[in-house]
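Under the numbering used here, the residues of the sequence shown are numbered 146 to 337, in order. Idealized CB from N, CA, C, for every residue including glycine.
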Amino acid sequence: MKKELPDVKIILTRSTDKFVSLQARTKLANTKHADLFVSIHCNASKSKKAKGTEVYFLSTAKTTEARAVESLENSVVFKYEGGEKALKNYDNLAFILMDMAQNEQLEESSQLAMILQKTISKKCGNNSRGVKQAGFFVLRGAYMPSVLIETGFISNPKEEKNLNNKYYQSRMANSIVEGIKNFKYIYDGFFK
146 MKKELPDVKI
156 ILTRSTDKFV
166 SLQARTKLAN
176 TKHADLFVSI
186 HCNASKSKKA
196 KGTEVYFLST
206 AKTTEARAVE
216 SLENSVVFKY
226 EGGEKALKNY
236 DNLAFILMDM
246 AQNEQLEESS
256 QLAMILQKTI
266 SKKCGNNSRG
276 VKQAGFFVLR
286 GAYMPSVLIE
296 TGFISNPKEE
306 KNLNNKYYQS
316 RMANSIVEGI
326 KNFKYIYDGF
336 FK
């Protein structure tokens, strides 16, 4: 028998197309005492053939490809948050200590990533590129299980068309919600 999901409060980092610093995103999640942090993105590649969904959790990147995605995602700090000076903020002692504290959430983040990847792949019928790990700045500092979802490649014409399609967007959103529900059922005592 499936349990009903209790009321869930969703907090968006923004409701308009404006940039919010990566630190501000996790700070909001921590301030609001969020149970999960899910960062949703579109991927890009020099190859127009690259396709599929990936879900990342915070850890050291294990592959060249994961390091490339990490570098691309983290480049927003340099571009939009103040260049070299802003990059140094992500490498200071406070962030090193935060990373150590986040190790407590690693197993749950890994499980959440696996559940989300499986659910998204099944419900959206797209290519699963798997669960990966990388040192995304947007996940640093979140004191709860956290993942970054790459919903597809905007550099792939077919996937770009899907990502712009309201029906597909709805399927993707519903699959993310279902994945979170599945995670909750497994970690029943986890949510407050």
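*Per-residue burial, residue 280 [other beta carbons within 10 Å of its own, 16 or more giving buried]*: Mapped onto the sequence shown, residue 280 falls at position 135. By the neighbour-count criterion, in which a residue is buried when 16 or more other Cβ atoms sit within 10 angstroms of its Cβ, residue 280 is buried.
*Is it the case that the Cβ atoms of residue 261 and residue 299 are separated by a distance below 8 Å?*
As a working mapping, residue 261 is identified with position 116 in the sequence shown. As a working mapping, residue 299 is identified with position 154 in the sequence shown. Cβ atoms of residue 261 and residue 299: not closer than 8 Å.
*Determine the contact status of residue 277 and residue 320, defining contact as a CB-CB distance below 8 Å.*
As a working note, residue 277 is residue 132 in the sequence shown. As a working note, residue 320 is residue 175 in the sequence shown. In terms of Cβ geometry, residue 277 and residue 320 do not form a close pair [threshold 8 Å].
_Where the beta strand (DSSP E) through residue 188 begins and ends_ = Here residue 188 corresponds to residue number 43 of the sequence shown, with the count starting at 1. Counting along the chain, the beta strand (DSSP E) containing residue 188 begins and ends at 182-188.
_Nearest-angstrom Cα separation, counted from residue 256 out to residue 342_ = Examination of residue 342 is not possible in this model, given that the chain is present from 146 through 337 alone.
*Give me whichever residues DSSP pairs with residue 277 in a beta bridge.*
Here the question's residue 277 lines up with position 132 in the sequence shown. Beta-bridge partners of residue 277 (DSSP): 201.
*If you drop the 5 nearest sequence neighbours on each side, which residues of the same chain put their C-beta closer than 6 Å to that of residue 171?*
On the sequence shown, residue 171 is found 26 positions in, with the first residue counted as 1. Answer for residue 171: 286, 287, listed in chain order.
*Would DSSP call residue 153 helix, strand or coil?*
The residue given as residue 153 occupies position 8 in the sequence shown. Secondary structure of residue 153 (DSSP, three-state): coil.
*asked:* I'd like the span of the alpha helix (DSSP H) that includes residue 296, first residue to last.
replied: Stepping through the sequence shown from its first residue, residue 296 is reached at position 151. Run containing residue 296: none in the alpha helix (DSSP H); it sits in the beta strand (DSSP E), 291-298.
*Going by other Cβ atoms of all chains shown within 10 Å of its Cβ, with 16 needed for buried, is residue 216 buried or exposed?*
For the purposes of this step, residue 216 is taken as residue 71 along the sequence shown, with counting starting at 1. Flag for residue 216 reads exposed.
_Whole-angstrom distance between residue 189 and residue 259, CA atom to CA atom_ = What you label residue 259 is simply residue 114 of the sequence shown in a count that begins at 1. What you label residue 189 is simply residue 44 of the sequence shown in a count that begins at 1. Approximately 22 Å between the Cα atoms of the pair.
*How long is the line joining the alpha carbons of residue 329 and residue 292, rounded to whole angstroms?*
Translated into positions along the sequence shown, residue 329 becomes position 184. Translated into positions along the sequence shown, residue 292 becomes position 147. Cα to Cα, the separation comes out at about 15 Å.
*Return the Cβ separation of residue 166 and residue 284 in integer angstroms, given the expectation that the two are a contact with Cβ distance under 8 Å.*
Numbered from its first residue, the sequence shown carries residue 166 at position 21. Numbered from its first residue, the sequence shown carries residue 284 at position 139. In this structure residue 166 is not in contact with residue 284, their Cβ atoms being roughly 14 Å apart against a cut-off of 8 Å.
*asked:* If you measure between the beta carbons of residue 301 and residue 195, is that distance less than 8 Å?
replied: For the purposes of this step, residue 301 is identified with residue 156 of the sequence shown, where counting begins at 1. For the purposes of this step, residue 195 is identified with residue 50 of the sequence shown, where counting begins at 1. A contact, by the Cβ cut-off of 8 Å.
*Would you call the CB atoms of residue 272 and residue 324 closer than 8 Å?*
One-based indexing of the sequence shown puts residue 272 at position 127. One-based indexing of the sequence shown puts residue 324 at position 179. In this structure, residue 324 does not lie closer than 8 Å to residue 272 by Cβ.
*Which word fits residue 155, buried or exposed, when buried means at least 16 other C-beta atoms lie within 10 angstroms of its C-beta?*
Within the sequence shown, numbered from 1, the residue matching residue 155 stands at position 10. By the Cβ-count criterion, residue 155 is exposed, with fewer than 16 other Cβ atoms from all chains shown falling within 10 Å of its own Cβ.
*With a threshold of 16 other CB atoms inside 10 Å of the CB of residue 252, please say whether the residue is buried or exposed.*
One-based indexing of the sequence shown puts residue 252 at position 107. Exposed, by the Cβ-count rule.
*First and last residue of the alpha helix (DSSP H) that includes residue 318?*
Position 173 of the sequence shown, counted from the start, is the residue given in the question as residue 318. 311-331 is the span of the alpha helix (DSSP H), which, as asked, contains residue 318.
*In the DSSP assignment, find the alpha helix (DSSP H) that holds residue 174 and state where it starts and stops.*
The residue given as residue 174 occupies position 29 in the sequence shown. Note, residue 174: alpha helix (DSSP H), 167-176.
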